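K.L.:
Below are the structure tokens for one structure; questions will follow.
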Amino acid sequence: MDHYIDIRLRPDPDFAPAMLMGALYNKLHRALFDLQAEDVGVSFPGHKHGVRARTLGDHLRLHGTQARLQQLMSADWLTGMRDHTQVSEVLTVPAGAQHINVARKQFNTGSESRAKRYAKRHDISEDDARKIYAKLAERRIELPFVQINSRSTQQRFSLFIEHGKPAASATEGEFSHYGLSPNATVPWF
Numbered sequence: 002m003d004h005y006i007d008i009r010l011r012p013d014p015d016f017a018p019a020m021l022m023g024a025l026y027n028k029l030h031r032a033l034f035d036l037q038a039e040d041v042g043v044s045f046p047g048h049k050h051g052v053r054a055r056t057l058g059d060h061l062r063l064h065g066t067q068a069r070l071q072q073l074m075s076a077d078w079l080t081g082m083r084d085h086t087q088v089s090e091v092l093t094v095p096a097g098a099q100h101i102n103v104a105r106k107q108f109n110t111g112s113e114s115r116a117k118r119y120a121k122r123h124d125i126s127e128d129d130a131r132k133i134y135a136k137l138a139e140r141r142i143e144l145p146f147v148q149i150n151s152r153s154t155q156q157r158f159s160l161f162i163e164h165g166k167p168a169a170s171a172t173e174g175e176f177s178h179y180g181l182s183p184n185a186t187v188p189w190f
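Heads up: take any position in the sequence shown, counting from 1, add 1, and you land on the working numbering.
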């Protein structure tokens, strides 16, 4: 992960930044899926978390090798987003950059089917299982998220994204077609 590309959303009075980031991230997911890329990571330098202020911001950073990032950008996946974005060249990561894990975080949100399965697995009534899941659903999720259309399952869901704590050294690993990893890090600066 020695190179990066910055993609910033341009202010647009007709579209909320979250809506534009969702469209941009969906396009990136499709491009990573089509390339079968497991070596491109993402970060969101302007992200905020908290019940009232959770947002991915207006800045998406792509991380990878120079060759992979050039290949990704030659795929023309930004079609339809060019008027809404400002894209940097492929740049070299600054010396001394820290490293951070950017991962998907999943939450049990209390769906009816989950409650039924839980009741069967734990030999309790469905009503008791619904009460357990209702408590889980009441939690306030503070992480920023984006609405995604899965390329593999065709389902729409909320993808919650967690930025870990910065560290001095990198952790190698593979990235999903969302540019996220449960353990690999990307440069953070």
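For glycine and all other residues, C-beta sits at the position ideal for the given N, C-alpha and C.
All values derive from a computational prediction rather than experimental measurement.
Kindly indicate the opening and closing residues of the beta strand (DSSP E) around Arg9.
P.N.:
Walking along the sequence shown from the start, residue 9 turns up at place 8. 4-10 is the extent of the beta strand (DSSP E) around Arg9.
K.L.:
If I follow the unbroken alpha helix (DSSP H) through Phe34, where does it start and stop?
P.N.:
The count along the sequence shown starts at 1 and reaches residue 34 at position 33. That run of the alpha helix (DSSP H) goes 18-36.
K.L.:
How would you write the range of the alpha helix (DSSP H) that Ser75 sits in, first residue to last?
P.N.:
Reading the sequence shown from its first residue, position 74 is the one you call residue 75. Where Ser75 is concerned, the enclosing alpha helix (DSSP H) stretches over 67-75.
K.L.:
Name, in chain order, the residues that DSSP records as bridge partners for Ser159.
P.N.:
As a working mapping, residue 159 is identified with position 158 in the sequence shown. The partner list for Ser159 (beta bridge, DSSP) reads Gln148.
K.L.:
I need the boundaries of the alpha helix (DSSP H) containing Lys121, first residue and last residue.
P.N.:
What you label residue 121 is simply residue 120 of the sequence shown in a count that begins at 1. Element bounds for Lys121: 113-123.
K.L.:
Using the Cβ count rule (16 or more neighbours within 10 Å means buried), how would you classify Thr154?
P.N.:
By 1-based counting over the sequence shown, the position of residue 154 is 153. Thr154 should be labelled exposed.
K.L.:
In the DSSP output, which residue or residues are listed as bridge partners for His100?
P.N.:
What you label residue 100 is simply residue 99 of the sequence shown in a count that begins at 1. DSSP lists Ala168, Pro188 as partners of His100.
K.L.:
Compute the Euclidean distance between the alpha carbons of Trp189 and Asp129, then round it to the nearest angstrom.
P.N.:
Numbered from 1 along the sequence shown, position 188 holds the residue referred to as residue 189. Numbered from 1 along the sequence shown, position 128 holds the residue referred to as residue 129. Their backbone Cα atoms lie some 45 Å apart in a straight line.
K.L.:
In chain order, what residues of the same chain have a beta carbon less than 8 Å from the beta carbon of Ser126, not counting five sequence neighbours either side?
P.N.:
Along the sequence shown, one-based indexing puts residue 126 at 125. Closer than 8 Å at Cβ, skipping near neighbours: Ala120.
K.L.:
So what does Thr93 bridge to, in DSSP terms?
P.N.:
Numbered from its first residue, the sequence shown carries residue 93 at position 92. Its beta-bridge partners are His4.
K.L.:
So, do the segment 84-98 and the segment 29-44 have three or more beta carbon pairs nearer to each other than 8 Å?
P.N.:
Touching, no, given that fewer than three Cβ pairs across the two stretches are closer than 8 Å.
K.L.:
Between the beta-carbon of Gly42 and the beta-carbon of Met74, is there less than 9 Å?
P.N.:
Working through the sequence shown from its first residue, we reach residue 42 at position 41. Working through the sequence shown from its first residue, we reach residue 74 at position 73. Contact: no.
K.L.:
Can you check which of these residues, Leu144, Pro14, Arg105, Ala38, is closest to Gln71 by C-alpha distance?
P.N.:
Mapped onto the sequence shown, residue 71 falls at position 70. The residue with the shortest Cα to Cα distance from Gln71 is Ala38.
K.L.:
Taking only the alpha-carbon atoms, compute the straight-line gap between Tyr179 and Asp15 and give it to the nearest angstrom.
P.N.:
Position 178 of the sequence shown holds residue 179. Position 14 of the sequence shown holds residue 15. Their backbone Cα atoms lie some 27 Å apart in a straight line.
K.L.:
If I measure Cβ to Cβ from Ala24 and keep anything under 7 Å in the same chain, skipping five residues before and after, which residues do I get?
P.N.:
The sequence position of residue 24 within the sequence shown is 23, counting from 1. Once the five neighbours on either side are set aside, the close Cβ partners of Ala24 are Met82.
K.L.:
Can you tell which of Leu61, Pro46, Glu143, His4 has the C-alpha that lies nearest to the C-alpha of Leu79?
P.N.:
By one-based count along the sequence shown, residue 79 stands at place 78. The residue with the shortest Cα to Cα distance from Leu79 is Leu61.
K.L.:
Less than 8 Å separating the Cβ of Ile133 from some heavy atom of the ligand ZN?
P.N.:
Among the components modelled here there is no ligand, and therefore nothing to report on the ligand ZN.
K.L.:
Starting from Thr86, trace the beta strand (DSSP E) both ways and give me its first and last residue.
P.N.:
Taking the sequence shown and counting its residues from 1, the one referred to as residue 86 is at position 85. Note, Thr86: beta strand (DSSP E), 86-88.
K.L.:
Excluding the 5 residues preceding and the 5 following Ala168 in the sequence, name in chain order all residues of the same chain whose CB lies nearer than 6 Å to its CB.
P.N.:
Here the question's residue 168 lines up with position 167 in the sequence shown. Cβ within range, chain order: His100.
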